[in-house]
Structure formats: C-alpha cells, structure tokens
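Visitor: Supplied in structure tokens, the structure appears directly below.
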C-alpha cells in the first residue's frame, strides 16, 4: 500500500511540474512579452532593426551573405549609405 501512495505522489508532482513548464498553469503567459516593433528606440541614438536587434543609428549593417551593404536608418532598416539621413 505504501508503494502505491508514493507512486501516486510522484506522478502528481511530475504532472504539476510539467503543467508549469508547458504553460498550462498560466506561468508562461505572464512571462512572455511581445517584441517591440522595428524602429522603436532602445537606447540613446539606437533603434530596433528589421532583424530584431538593437543597433546604433548610422552603424554598418550586413545582408544574409554577411557582406557590408548599408547603414541603419532611424526606422531600423538597412539602407544604402547616404539615404534617410545616413552617411558614408
């Protein structure tokens, strides 16, 4: 009889932990937050970029092939240097 009670307690504890980890208990919904939109300020003279990172305005940005292609403008986009207030 004691073995059965211990097994049931272990199963109940495992189910409770699993529910908390997967969010059934509502834990994950209170922790998760939506990412700020592109172009949102994230520091002095910095914005959220199209790839979701925080970068200084007019800093170099790269394409998928990692080649230098432009500068970060105030809206968070990577543009050709000289456009939208960026410099060479």
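Residue numbers (my numbering): -13 to 74.
Ideal Cβ positions, reconstructed from N, Cα and C, are used throughout, including at glycine.
Closer than 7 angstroms by C-beta to residue 46: which residues in its own chain qualify, once you throw out the five before and the five after it? Chain order, please.
Guide: Hits under 7 angstroms: 54, 57.
Visitor: In this structure, how does DSSP classify residue 57 when only helix, strand and coil are distinguished?
Guide: In this structure, residue 57 counts as strand in the three-state DSSP scheme.
Visitor: How would you write the range of the beta strand (DSSP E) that residue 37 sits in, first residue to last?
Guide: No beta strand (DSSP E) contains residue 37, which DSSP labels as neither H nor E.
Visitor: Give me the Cα-Cα distance between residue 110 and residue 24, rounded to the nearest whole angstrom.
Guide: As displayed, the chain neither begins before -13 nor continues past 74, which places residue 110 out of reach and without an answer.
Visitor: State yes or no: is the C-beta of residue 31 within less than 7 angstroms of the C-beta of residue 42?
Guide: Taking 7 angstroms as the Cβ cut-off, residue 31 and residue 42 qualify as a contacting pair.
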